[in-house]
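Residue numbers (our numbering): 152 to 447.
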């Protein structure tokens with residue numbers, strides 16, 4: 152067609168397609184190529200509509216500082232051109248990255264703005280996305296709570312209405328994390344696994360298995376943690392990424408520490424993972440590693 156606009160739209164579509172399949176390394180490459188061409192040919196609005204996906208996917212490369220920088224730039228660009236949908240997702244992205252960086256105070260206003268935009272735009276599909284991270288903020292502050300479970304169950308109902316394959320398993324694993332009741336958590340995870348088995352958007356697998364490992368660690372179910380670590384690794388096997396490698400290793404190593412806190416070989420693995428997370432700025436998942444090292 153010899154149309155630069157068709158090319159950038161195709162690159163964006165390929166990024167979305169690989170993202171949906173959980174191939175985040177390839178997706179990131181397509182989104183970066185899309186944005187480079189947008190800048191070359193002056194397609195500013197298309198660039199703004201894709202910029203946040205670079206930020207989002209950089210988190211899967213374990214680059215939270217760069218992801219945050221990109222997310223904030225995406226917010227600024229979206230506000231500048233009045234692209235509210237792009238701002239909504241960019242705000243969500245910044246909130247998520249800051250949650251992973253254990254900076255919930257800075258994350259909260261981004262989540263609040265993202266939720267307000269989702270409501271004003273009638274973008275119900277994205278409301279559960281924001282509420283998942285509102286839940287993570289409250290979990291970091293005060294631990295599991297019935298109030299957060301109730302809010303996330305409302306998010307789950309919205310996810311059912313707007314297409315369970317888009318966010319359903321992720322919401323269910325967030326409910327399991329927010330719940331102090333082990334049986335309720337198990338039921339939520341069981342339902343999430345059923346949806347994963349039927350097929351859904353790739354981000355669900357990467358979030359669900361990480362959350363499920365966290366629930367297993369909380370309840371000292373070491374074999375369950377190892378099973379979810381295997382599942383995460385298996386899902387990412389066609390295209391491994393730093394996110395899946397790190398969280399699978401973290402889950403297995405923390406489970407091994409739970410079984411035998413005196414194992415010096417495992418302690419060295421805990422230290423390596425802790426140092427990796429700290430160096431990257433991935434401070435929320437570093438906390439359990441820090442606690443395990445202190446306890447040992």
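In this text, a Cβ means the ideal position worked out from N, Cα and C, and glycines have one as well.
How about the segment 217–226 and the segment 177–186: do they share at least three Cβ pairs that are nearer than 8 Å?
-> no
Start and end residues, alpha helix (DSSP H) containing residue 340 | The sequence position of residue 340 within the chain shown is 189, counting from 1. Under the DSSP assignment, residue 340 falls in the alpha helix (DSSP H) whose first and last residues are 333–349.
How many angstroms separate the CA atom of residue 259 from the CA atom of residue 281?
-> On the chain shown, position 108 is the one that residue 259 refers to. On the chain shown, position 130 is the one that residue 281 refers to. Taking the straight line joining both Cα atoms gives about 10 Å.
Roughly how many angstroms separate the alpha carbons of residue 335 and residue 357, rounded to a whole number?
-> Taking the first residue of the chain shown as 1, we reach residue 335 at position 184. Taking the first residue of the chain shown as 1, we reach residue 357 at position 206. Answer to the nearest angstrom: the Cα atoms are 21 Å apart.
Have a look at 194, 257 and 262 and flag the residue whose alpha-carbon is nearest the alpha-carbon of residue 241.
-> Within the chain shown, numbered from 1, the residue matching residue 241 stands at position 90. For residue 241, the nearest C-alpha among the options comes from 262.
Inspect the CB distances between the segment 152–159 and the segment 193–211 and report whether three or more fall short of 8 Å.
-> yes
Mapping DSSP to helix, strand and coil, what is residue 438?
-> As a position in the chain shown, residue 438 is number 287, starting the count at 1. Residue state, collapsed to three classes: helix.
Quick one: using the 10 Å Cβ neighbour count with 16 as the cut-off for buried, is residue 370 buried or exposed?
-> Taking the chain shown and counting its residues from 1, one reaches residue 370 at position 219. It is exposed - the Cβ of residue 370 has fewer than 16 other Cβ atoms within 10 Å.
Which residue's Cα is closest to the Cα of residue 310: 300, 296, 279 and 294?
-> Numbered from its first residue, the chain shown carries residue 310 at position 159. Ranking the options by Cα distance to residue 310, first place goes to 279.
By Cβ distance below 7 Å, which residues in the same chain neighbour residue 422 in space, the five residues on each side in sequence not counted?
-> Taking the chain shown and counting its residues from 1, the one referred to as residue 422 is at position 271. Excluding residues within five positions, the ones whose Cβ falls inside 7 Å are 444.
For residue 265, count neighbouring C-beta atoms within 10 Å of its own C-beta (all shown protein chains included) and say buried if the count is 16 or more, exposed if not.
-> Numbered from its first residue, the chain shown carries residue 265 at position 114. Under this definition residue 265 is a buried residue.
Determine the contact status of residue 212 and residue 176, defining contact as a CB-CB distance below 9 Å.
-> Numbered from 1 along the chain shown, position 61 holds the residue referred to as residue 212. Numbered from 1 along the chain shown, position 25 holds the residue referred to as residue 176. Taking C-beta atoms as the reference points, residue 212 and residue 176 count as a pair closer than 9 Å.
At which residues does the alpha helix (DSSP H) containing residue 391 begin and terminate?
-> Translated into positions along the chain shown, residue 391 becomes position 240. Counting along the chain, residue 391 falls outside any alpha helix (DSSP H), and DSSP gives it neither H nor E.
Pull up the distance between the alpha-carbon of residue 388 and that of residue 360, whole angstroms please.
-> For the purposes of this step, residue 388 is taken as the residue at position 237 of the chain shown. For the purposes of this step, residue 360 is taken as the residue at position 209 of the chain shown. For residue 388 and residue 360, the distance between alpha carbons rounds to 14 Å.
Checking contacts by CB at 9 Å: is residue 325 closer than that to chain C?
-> In summary, chain C is missing from the structure at hand, where a single protein chain is found.
Supposed close pair residue 209, residue 179 - CB separation, criterion 8 Å | Looking up residue 209 in the chain shown gives position 58. Looking up residue 179 in the chain shown gives position 28. That belief holds up - the Cβ atoms of residue 209 and residue 179 are roughly 7 Å apart, short of 8 Å.
Is residue 256 buried or exposed, if buried means 16 or more other CB atoms sit within 10 Å of its CB?
-> Here residue 256 corresponds to residue number 105 of the chain shown, with the count starting at 1. By the 10 Å Cβ count, residue 256 comes out exposed.
DSSP state of residue 413 mapped onto helix, strand, coil | Taking the first residue of the chain shown as 1, we reach residue 413 at position 262. In the structure shown, residue 413 sits in coil (DSSP, three-state: anything other than H, G, I, E or B).
Hey, residue 408 and residue 417 are a contact pair by Cβ (cut 8 Å); roughly how many whole angstroms apart?
-> As a working mapping, residue 408 is identified with position 257 in the chain shown. As a working mapping, residue 417 is identified with position 266 in the chain shown. 6 Å between Cβ atoms; contact.
Counting only the same chain and skipping the five closest in sequence on each side, list residues whose C-beta sits under 8 Å from that of residue 414.
-> Mapped onto the chain shown, residue 414 falls at position 263. Apart from sequence neighbours up to five positions away, the residues of its chain that approach residue 414 with a beta-carbon distance below 8 Å are 407 and 408, ordered along the chain.
Give the C-beta separation of residue 329 and residue 296 to the nearest angstrom, bearing in mind that I take them to be a contact with Cβ-Cβ under 8 Å.
-> On the chain shown, position 178 is the one that residue 329 refers to. On the chain shown, position 145 is the one that residue 296 refers to. Sure, about 7 Å apart at Cβ, within 8 Å.
Leaving out the 5 sequence neighbours to the left and right, which residues in its chain are closer than 7 Å to residue 437 when beta-carbon positions are compared?
-> Taking the first residue of the chain shown as position 1, residue 437 is located at position 286. Counting only Cβ-Cβ distances below 7 Å, and skipping sequence neighbours, we find 425, 428 and 429.
In chain order, what residues of the same chain have a beta carbon less than 8 Å from the beta carbon of residue 390, not counting five sequence neighbours either side?
-> For the purposes of this step, residue 390 is taken as the residue at position 239 of the chain shown. The residues are 173, 174, 175, 176 and 177.
Do the CB positions of residue 251 and residue 435 come within less than 9 Å of each other?
-> The count along the chain shown starts at 1 and reaches residue 251 at position 100. The count along the chain shown starts at 1 and reaches residue 435 at position 284. Yes, these two residues count as a Cβ contact at 9 Å.
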